[in-house]
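*Asks:*
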DNA sequence: CTAGAAGCTGGAGCACGCTCCAGGCAAACA
DNA sequence: TGTTTGCCTGGAGCGTGCTCCAGCTTCTAG
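Residue numbers (our numbering), protein chains in the order written: chain A, 987 to 1118; chain B, 987 to 1118.
In structure tokens, the structure reads:
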């Protein structure tokens, strides 16, 4: 078979620097997330360096969505653990996602209202300047 | 030269506990905000206890709006300092508010997009459950 | 084969935004 | 009047989410 050449499967994996560039997370953060259980232990090269698979990448992308919509690391840990326990946890995961989604909707509504109040303040300042 | 008490003005002021209840901030946070310059030194009773005026309250309400829309304490400090320097800083303040408003609009848009992606994920899980 | 770049681990450190004392004076109620 | 409740200050401490580092191993280009 092949000798020193990398096989197709291996060619599909990414080094940590590439994942960092791809996701915008720092290498330190990627390692920190793995250490904290947000990312399940990722594949390794013969020498022990991380090799991320496509599945790892899409999992990280989901994590980022959760994080960017305000989910805490603690909640992401719970979610990751469910994920790790397989399909039987899908109802729980669904539940968690729905709750999160609802809180997000509320938060967006709140931000919109605050935005309107800020607009009013801005208009007030604009009027003030116009009159002087 | 306002050392008199039992004036209508005094009747209009609030103790820190009342402001805490009113705004949802803790007494410690109110003192911390004052210490950090977010709130300019508030009036005191003869004995040295804080007495918040209507103007103090509405300033705090503006601060809360800024905070709740994601402004950092550092940025609020700058804003507070401008405010403290009087009307000549209105153009700067307007500028800061507009920038903040724009960032907020962007953030809301981003949250909405992430929300849609979460909806898709939720739908995926729902389908999965339905088929089993 | 080798130099330099990239990655590893465990653990310390940091920025932010509060939060919680201790020890003491102020205010309100009975 | 007393005593209970409230507020004061300065400063230490904390939870979160990273970020940095030392000392060492692995990879890769030439």
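Every residue, glycine too, gets a C-beta built ideally from N, C-alpha and C.
Within the 8 Å Cβ cut-off, does residue 929 of chain B reach chain A?
*Replies:* This structure gives no information on residue 929 of chain B, because the portion of chain B shown stretches from 987 to 1118.
*Asks:* Does residue 1119 of chain B come out as helix, strand or coil in the three-state DSSP assignment?
*Replies:* Nothing about residue 1119 of chain B can be reported from this structure: the residues present for chain B run from 987 to 1118 only.
*Asks:* Taking residue 1068 of chain A and residue 1052 of chain A to be in contact with their CB atoms under 8 Å, please state how far apart those CB atoms are, rounded to whole angstroms.
*Replies:* Residue mapping note: residue 1068 of chain A aligns to position 82 of the first chain, counting from 1. Residue mapping note: residue 1052 of chain A aligns to position 66 of the first chain, counting from 1. Actually they do not touch by this definition, with Cβ atoms about 13 Å apart.
*Asks:* Find out if the Cβ-Cβ distance for the pair residue 1046 of chain A, residue 1076 of chain A is shorter than 8 Å.
*Replies:* Taking the first chain and counting its residues from 1, one reaches residue 1046 of chain A at position 60. Taking the first chain and counting its residues from 1, one reaches residue 1076 of chain A at position 90. It is not a contact, given that the beta carbons lie outside the stated cut-off.
*Asks:* Report the partner residues of residue 1030 of chain B according to the DSSP bridge assignment.
*Replies:* Stepping through the second chain from its first residue, residue 1030 of chain B is reached at position 44. The partner list for residue 1030 of chain B (beta bridge, DSSP) reads B/1036.
*Asks:* Name the two residues that bound the continuous alpha helix (DSSP H) containing residue 1068 of chain B.
*Replies:* Residue mapping note: residue 1068 of chain B aligns to position 82 of the second chain, counting from 1. Taken as a continuous stretch (DSSP letters only), the alpha helix (DSSP H) holding residue 1068 of chain B covers 1059-1070.
*Asks:* Between the alpha carbons of residue 1095 of chain B and residue 1056 of chain B, how many angstroms are there, rounded?
*Replies:* Start at 1 with the first residue of the second chain, and residue 1095 of chain B comes out as number 109. Start at 1 with the first residue of the second chain, and residue 1056 of chain B comes out as number 70. So the two alpha carbons sit approximately 15 Å from each other.
*Asks:* Under 8 Å by Cβ, that's how I've got residue 1031 of chain A and residue 1037 of chain A pegged, so tell me the actual separation to the nearest angstrom.
*Replies:* Working through the first chain from its first residue, we reach residue 1031 of chain A at position 45. Working through the first chain from its first residue, we reach residue 1037 of chain A at position 51. Correct: roughly 5 Å between the Cβ atoms.
*Asks:* Would you call residue 1041 of chain B buried or exposed, if buried means 16 or more other Cβ atoms sit within 10 Å of its Cβ?
*Replies:* Counted from its first residue, the second chain places residue 1041 of chain B at position 55. So residue 1041 of chain B ends up on the exposed side.
*Asks:* Can you list, in chain order, the residues of its chain with a C-beta nearer than 8 Å to that of residue 1003 of chain B? Leave out the 5 residues immediately preceding and following it.
*Replies:* Numbered from its first residue, the second chain carries residue 1003 of chain B at position 17. So the list reads 1013, once near-sequence residues are dropped.
*Asks:* Quick check: is the beta carbon of residue 1105 of chain A nearer than 8 Å to any beta carbon in chain B?
*Replies:* What you label residue 1105 of chain A is simply residue 119 of the first chain in a count that begins at 1. Output row for residue 1105 of chain A: interface = yes.
*Asks:* Could you give the residue range of the alpha helix (DSSP H) that holds residue 1081 of chain B?
*Replies:* One-based indexing of the second chain puts residue 1081 of chain B at position 95. Its alpha helix (DSSP H) spans residues 1076-1116.
*Asks:* Pop quiz: residue 999 of chain B and residue 1039 of chain B are said to be a contact at Cβ under 8 Å. What is the actual Cβ separation, rounded to whole angstroms?
*Replies:* By 1-based counting over the second chain, the position of residue 999 of chain B is 13. By 1-based counting over the second chain, the position of residue 1039 of chain B is 53. Right, the Cβ-Cβ distance comes to about 6 Å (below 8 Å), so this counts as a contact.
*Asks:* Check this for me: beta carbons of residue 1035 of chain A and residue 1006 of chain A, under 8 Å apart or not?
*Replies:* The count along the first chain starts at 1 and reaches residue 1035 of chain A at position 49. The count along the first chain starts at 1 and reaches residue 1006 of chain A at position 20. No, Cβ-Cβ distance for residue 1035 of chain A and residue 1006 of chain A is not below 8 Å.
*Asks:* Leaving out five residues on either side along the sequence, give the residues of the same chain with a beta carbon under 6 Å from the beta carbon of residue 1020 of chain B.
*Replies:* In the second chain, the residue the question calls residue 1020 of chain B occupies position 34. Cβ neighbours of residue 1020 of chain B beyond the five flanking positions: none.
*Asks:* Give me the Cα-Cα distance between residue 1072 of chain A and residue 1058 of chain B, rounded to the nearest whole angstrom.
*Replies:* Mapped onto the first chain, residue 1072 of chain A falls at position 86. Mapped onto the second chain, residue 1058 of chain B falls at position 72. Between residue 1072 of chain A and residue 1058 of chain B, the C-alpha separation is close to 40 Å.
*Asks:* Which word fits residue 1066 of chain A, buried or exposed, when buried means at least 16 other C-beta atoms lie within 10 angstroms of its C-beta?
*Replies:* Position 80 of the first chain holds residue 1066 of chain A. That one is buried.
*Asks:* So what does DSSP say about residue 1011 of chain A, is it helix, strand or coil?
*Replies:* What you label residue 1011 of chain A is simply residue 25 of the first chain in a count that begins at 1. Here residue 1011 of chain A sits in coil by DSSP.
*Asks:* 8 Å is my cut-off, CB to CB: does residue 1040 of chain A come that close to chain B?
*Replies:* Taking the first chain and counting its residues from 1, the one referred to as residue 1040 of chain A is at position 54. So no, residue 1040 of chain A is outside the interface.
*Asks:* By alpha-carbon positions, which one of A/1105, A/1110, A/1089 and A/1107 ends up nearest to residue 1100 of chain B?
*Replies:* As a working note, residue 1100 of chain B is residue 114 in the second chain. Comparing Cα positions, the closest option is A/1089.
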